[in-house]
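The block underneath contains the structure these notes are about, expressed in structure tokens.
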Amino acid sequence: MAFFSDGRWVSDGAKIGEGTIVQAGAVIEDDCVIGRNCRIGYHAVLRRGTRIGDNSIFGTLSASEGWNMIGSHVTIHSQCHITEDVKIEDWVFIAPFFCGANTMRIVHGRDYPLVKEGYTIKSGARIAIGVNVLPAVTIGLDALIGAGAVVTRDIPDYAIAFGSPAKVVGKVPEDERLCVRILPQQTEHGRSLRVDISP
Ligand SMILES: CC(C)(COP(=O)(O)OP(=O)(O)OC[C@H]1O[C@@H](n2cnc3c(N)ncnc32)[C@H](O)[C@@H]1OP(=O)(O)O)[C@@H](O)C(=O)NCCC(=O)NCCS
Numbered sequence: 715m716a717f718f719s720d721g722r723w724v725s726d727g728a729k730i731g732e733g734t735i736v737q738a739g740a741v742i743e744d745d746c747v748i749g750r751n752c753r754i755g756y757h758a759v760l761r762r763g764t765r766i767g768d769n770s771i772f773g774t775l776s777a778s779e780g781w782n783m784i785g786s787h788v789t790i791h792s793q794c795h796i797t798e799d800v801k802i803e804d805w806v807f808i809a810p811f812f813c814g815a816n817t818m819r820i821v822h823g824r825d826y827p828l829v830k831e832g833y834t835i836k837s838g839a840r841i842a843i844g845v846n847v848l849p850a851v852t853i854g855l856d857a858l859i860g861a862g863a864v865v866t867r868d869i870p871d872y873a874i875a876f877g878s879p880a881k882v883v884g885k886v887p888e889d890e891r892l893c894v895r896i897l898p899q900q901t902e903h904g905r906s907l908r909v910d911i912s913p
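In the numbering used here, the protein residues as written are 715 to 913.
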């Protein structure tokens, strides 16, 4: 474990790639694997088993509750809460005050099993400020989720959706579909971009 005078706490059991910056106050627990050229923001918390690809940003005061797969070229802005067992693919953008849930029934002392089901955000999706996501949903490729939405059901690829519950209101124009435009030779239409975050 390394504890720095600026309050960073980085476990010896974490792997951090070359060129990655860990800013003051950040905490990185065991079994975290962070790729190259990332930025882990001020007072961010990466709990056990968080994996992040290359060239990604995990913003100030955001938290990953562990065992999450976060791809490359991802931006998770400030003050976002990422629960356990979540998959966030390459080139996803998440604006501030995002919060996702991974259990539908809140057990808290009740006598029924705790079922955890993370959500998936597919490549190129953009999530606006203040969005909430319920367990087990999938937000499709390049989808755009509008400010303040509560996502309760799967959102198809390329959909624009907002509201509570979020409803599809349109389609992302073809020239805004990042995964098709950036890596046309590496991705078929509708297939997610590579998420290479092996240790
Ligand atoms: C999804 C989004 C792009 C939609 O914007 P838009 O296409 O310009 O929408 P419009 O202005 O054409 O609005 C169409 C209608 O939907 C409503 N509307 C737009 N966005 C809405 C939202 N997020 N939630 C609920 N209603 C919304 C408008 O009020 C309007 O209703 P009206 O026809 O009754 O007046 C926008 O809401 C959004 O969330 N942008 C991202 C902001 C953001 O988080 N940026 C990142 C900062 S770091």
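The C-beta atom is built at its ideal place from N, Cα and C for all residues, glycine as well.
Does the segment 717 to 729 come close enough to the segment 737 to 748 that 3 or more CB-CB pairs lie under 8 Å? Yes: at least three Cβ pairs fall under 8 Å.
Quick check on Gly-904: does DSSP put it in helix, strand or coil? Position 190 of the sequence shown, counted from the first residue, corresponds to residue 904. Legend: pLDDT at Gly-904 = 35, less than 50; position of this residue unreliable, value from coordinates given subsequently. Here Gly-904 sits in coil by DSSP.
When you compare the CB of Gly-773 with every CB in chain D, is at least one pair closer than 8 Å? Structure shown: chain D not included; a single protein chain is present.
So if DSSP puts Met-783 in a beta bridge, which residue, or which two residues, is it bridged to? Taking the first residue of the sequence shown as 1, we reach residue 783 at position 69. In DSSP, Met-783 forms a bridge with Arg-765, Lys-801.
Tell me the residue span of the beta strand (DSSP E) that contains Gly-884. Translated into the one-based positions of the sequence shown, residue 884 becomes position 170. In the DSSP assignment, Gly-884 falls within the unbroken beta strand (DSSP E) covering 881 to 885.
Quick test of your reading: Val-851 and Tyr-833, contact by CB under 8 Å. State the CB separation rounded to the nearest angstrom. Here residue 851 refers to the residue found at position 137 when the sequence shown is read from its first residue. Here residue 833 refers to the residue found at position 119 when the sequence shown is read from its first residue. About 5 Å; that satisfies the 8 Å criterion.
What residues in its chain sit with their C-beta under 6 Å from that of Gly-862, if we drop five residues either side in the sequence? As a position in the sequence shown, residue 862 is number 148, starting the count at 1. Taken in chain order, the residues that qualify are Gly-844.
Report yes or no: do three or more beta-carbon pairs, one from the segment 793 to 800 and one from the segment 768 to 784, lie closer than 8 Å? Between the segment 793 to 800 and the segment 768 to 784, the count of Cβ pairs shorter than 8 Å is three or higher; the stretches touch.
Contacting residues, own chain, Cβ-Cβ under 8 Å from Gly-854 (five flanking each side not counted): The residue labelled residue 854 in the question sits at position 140 within the sequence shown. Here the set comprises Lys-836, Ala-839, Asp-868, Ile-869, Pro-870, Asp-871, Tyr-872, Ala-873.
Less than 8 Å between the beta carbons of Gly-755 and Gly-767, yes or no? Taking the sequence shown and counting its residues from 1, one reaches residue 755 at position 41. Taking the sequence shown and counting its residues from 1, one reaches residue 767 at position 53. It is not a contact, given that the beta carbons lie outside the stated cut-off.
What did DSSP end up calling Leu-858 once you bin it into helix, strand or coil? For the purposes of this step, residue 858 is identified with residue 144 of the sequence shown, where counting begins at 1. Here Leu-858 sits in strand by DSSP.
Endpoints, the beta strand (DSSP E) within which Phe-876 is located: Counting from 1 along the sequence shown, the entry for residue 876 is found at position 162. Looking at the DSSP string, the run of the beta strand (DSSP E) that includes Phe-876 is 873 to 876.
Which word fits Ala-880, buried or exposed, when buried means at least 16 other C-beta atoms lie within 10 angstroms of its C-beta? Counting from 1 along the sequence shown, the entry for residue 880 is found at position 166. Note on Ala-880: 16 or more other CB atoms within 10 angstroms of its CB, so buried under the neighbour-count rule.
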